[in-house]
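A.B. asks:
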Amino acid sequence: MEQGFTEQARRLVRGQHARVTTPRLRVLAELLMAGQPLTHLDVQRRVEGADDVDHIDRVTVYRVLDWLVEAGLAHRVAGPDRVFRFSAQAGAHGAHGHFRCTRCERMFCMTETAGLARVVRSVLPEGFSGDAIELTVSGCCADCAAS
Ligand SMILES: [Zn+2]
Ligand SMILES: [Zn+2]
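Anchor point for the sequence shown: position 26 equals 130 in this note's numbering, and the numbering is continuous, going up by one each time.
#1: What does the alpha-carbon distance come out to for the pair valine 117 and glutamine 140?
#2: Determine whether the beta carbon atoms of phenylalanine 203 and cysteine 248 lie at a separation below 8 Å.
#3: Distance, Cα to Cα, cysteine 213 vs alanine 221?
#4: Decide if leucine 239 is buried, meaning its Cβ has at least 16 other Cβ atoms within 10 Å, or exposed.
#5: Enumerated in chain order, which unbroken segments of the alpha helix (DSSP H) with a length of 4 residues or greater are wholly contained in the region 159-201?
#6: Is threonine 217 helix, strand or coil when you go by DSSP?
#7: Near valine 147, what residues of its chain come up, given a Cβ to Cβ distance below 8 Å and the 5 sequence neighbours on each side ignored?
#8: So, helix, strand or coil for valine 124, using DSSP?
#9: Under the three-state reduction of DSSP, which class applies to arginine 114: helix, strand or coil?
#10: Heavy atom of ligand 1 less than 7 Å from the Cβ of cysteine 244, yes or no?
#11: Leaving out five residues on either side along the sequence, give the residues of the same chain with a beta carbon under 7 Å from the beta carbon of arginine 210.
#12: Please tell me whether aspartate 161 and threonine 126 are closer than 8 Å, where the distance is taken between their beta carbons.
#13: Taking the alpha-carbon positions, what's the glutamate 111 to glutamine 120 distance?
#14: How about histidine 121: is its Cβ closer than 7 Å to a heavy atom in ligand 2?
#15: How long is the line joining the alpha carbons of valine 187 and cysteine 208, rounded to whole angstroms?
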């Protein structure tokens, strides 16, 4: 675990005036480091991958992920397989769309939200107002396109 992400996680949890616990720091730091939405299983594997620390069981990982969403430090997005992914990507807490790569099956937050909101507003019927955007674009990510 890179120290920078743990420190960033500590600052974010403290910013919520919440108790700083090891599982909260570990899970949030993993999400920050990943920079893309992860499933509970992905998070669990990454947390288990670190051998220098106490074991964090899967129920605790679930609880921490839920807490992060409630605290506004992460958001949840259902993948095409209907499994939730969790993302702590900075700047991705407003309404935004997601991209799903059909080759590597990863998901990405599309954080350029101003343009997306403008497009969505322009397609809403007269008199309607939207306040949440759930949009997933499927295709090929830059990594896969380059390989
Ligand atoms: Zn890909
Ligand atoms: Zn997102």
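Every residue gets a Cβ at the ideal spot worked out from N, C-alpha and C, and that includes glycine.
C.D. replies: According to the structure data:
#1: Here residue 117 refers to the residue found at position 13 when the sequence shown is read from its first residue. Here residue 140 refers to the residue found at position 36 when the sequence shown is read from its first residue. Each residue's Cα considered, the two are about 19 Å apart.
#2: Working through the sequence shown from its first residue, we reach residue 203 at position 99. Working through the sequence shown from its first residue, we reach residue 248 at position 144. Their beta carbons are not under 8 Å apart, which means phenylalanine 203 does not touch cysteine 248 by this criterion.
#3: Position 109 of the sequence shown, counting from 1, holds the residue named residue 213. Position 117 of the sequence shown, counting from 1, holds the residue named residue 221. Between the C-alpha atoms of cysteine 213 and alanine 221 there is a straight-line separation of about 14 Å.
#4: Working through the sequence shown from its first residue, we reach residue 239 at position 135. By the neighbour-count definition (other C-beta atoms within 10 Å, threshold 16), leucine 239 is an exposed residue.
#5: 162-174
#6: Here residue 217 corresponds to residue number 113 of the sequence shown, with the count starting at 1. If DSSP states are grouped into helix, strand and coil, threonine 217 belongs with the helices.
#7: Mapped onto the sequence shown, residue 147 falls at position 43. Once the five neighbours on either side are set aside, the close Cβ partners of valine 147 are Val131, Glu134, Leu135, Val165, Leu169, Phe190.
#8: Working through the sequence shown from its first residue, we reach residue 124 at position 20. Three-state DSSP puts valine 124 in coil, outside helix and strand.
#9: Against the sequence shown, residue 114 aligns to sequence position 10. Here arginine 114 sits in helix by DSSP.
#10: Residue mapping note: residue 244 aligns to position 140 of the sequence shown, counting from 1. Checking every heavy atom of ligand 1 against the Cβ of cysteine 244, one is found closer than 7 Å.
#11: Here the question's residue 210 lines up with position 106 in the sequence shown. Cβ neighbours of arginine 210 beyond the five flanking positions: Gln140, Cys245.
#12: Residue numbering aside, residue 161 sits at position 57 when the sequence shown is read from its first letter. Residue numbering aside, residue 126 sits at position 22 when the sequence shown is read from its first letter. No, they are not a contact pair.
#13: One-based indexing of the sequence shown puts residue 111 at position 7. One-based indexing of the sequence shown puts residue 120 at position 16. Cα-Cα distance, rounded: 15 Å.
#14: Position 17 of the sequence shown, counted from the first residue, corresponds to residue 121. Incorrect: histidine 121 has no Cβ contact closer than 7 Å to ligand 2.
#15: One-based indexing of the sequence shown puts residue 187 at position 83. One-based indexing of the sequence shown puts residue 208 at position 104. Looking at the two C-alpha atoms, the distance is approximately 16 Å.
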